[in-house]
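In the working numbering, the protein residues as written are 2 to 162.
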């Protein structure tokens, strides 16, 4: 059985998430969009990433979200579901979608924050639906069933025996 904190992303759900994220990128006027786990693992990304250290950015965002959850609890909130960072030329919009997923949108000053917020709200039901299907699939697949399909020959090939 999988650990309740693990997230196993299957190809079917990856493709569905990717379609939603790619579509969001085109209708929102954003530069870069990604979906990550609360642990900082990038699940799906879309956009102009050639000048970004995506791994570092995802880790820092996950840490920022964790710190913000701590801040929320101190002031009597369960969480703050949205974080916004405004820079001179770029902005970052971070939305906690559920207990495991974070949506991150990088956009320029030429794109309206209101548009980004509106478009995030329109894709949330699709992402939640895909996520719920993913959870159901994870519950039906155990780590044992994943290993059942691996033969001794597969292991030998893996280690070049």
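We put the beta carbon where it would ideally sit given N, CA and C, even for glycine.
What is the rounded straight-line gap between the Cα of residue i and the Cα of residue j?
i: residue 53; j: residue 92; result: 14 Å
i: residue 74; j: residue 44; result: 27 Å
i: residue 13; j: residue 109; result: 31 Å
i: residue 65; j: residue 80; result: 12 Å
i: residue 156; j: residue 82; result: 44 Å
i: residue 49; j: residue 26; result: 10 Å
i: residue 115; j: residue 100; result: 24 Å
i: residue 121; j: residue 153; result: 47 Å
i: residue 111; j: residue 88; result: 12 Å
i: residue 90; j: residue 76; result: 31 Å
i: residue 84; j: residue 67; result: 12 Å
i: residue 158; j: residue 151; result: 11 Å
i: residue 141; j: residue 162; result: 33 Å
i: residue 24; j: residue 95; result: 18 Å
Once you ignore the five residues that flank residue i on each side, which residues in its own chain have a CB closer than 8 Å to its CB?
i: residue 21; result: 124, 127, 128 and 131
i: residue 11; result: 135 and 138
i: residue 15; result: 44 and 45
i: residue 42; result: 8 and 59
i: residue 19; result: 45 and 47
Helix, strand or coil for residue i, going by three-state DSSP, please let me know.
i: residue 151; result: coil
i: residue 46; result: strand
i: residue 18; result: helix
i: residue 99; result: coil
i: residue 3; result: Because the pLDDT at residue 3 is just 46, under 50, the model does not fix this residue reliably, and the point stays unresolved.
i: residue 104; result: strand
So which of the options has the shortest CA-CA distance to residue i?
i: residue 40; options: 56, 49, 107 and 77; result: 56
i: residue 17; options: 87, 66, 162 and 134; result: 134
i: residue 118; options: 29, 23, 19 and 24; result: 29
i: residue 107; options: 161, 96, 15 and 32; result: 32
Got a sec: is the Cβ-Cβ distance from residue i to anything in chain C below 8 Å?
i: residue 81; result: Checking the listed chains, one finds no chain C in this structure; it contains a single protein chain.
Quick one: what's got a C-beta closer than 6 Å to residue i's C-beta in the same chain, skipping five residues either side?
i: residue 9; result: 139
i: residue 86; result: 93
Which whole-angstrom value describes the C-beta separation of residue i and residue j, a residue pair presumed to lie in contact below a C-beta threshold of 8 Å?
i: residue 70; j: residue 105; result: Incorrect: roughly 16 Å between the Cβ atoms, too far for contact.
i: residue 46; j: residue 35; result: 4 Å
i: residue 102; j: residue 38; result: 7 Å
Using a Cβ-Cβ cut-off of 7 Å (strictly less than) and excluding sequence neighbours within five positions of residue i, which residues of its own chain qualify?
i: residue 78; result: none
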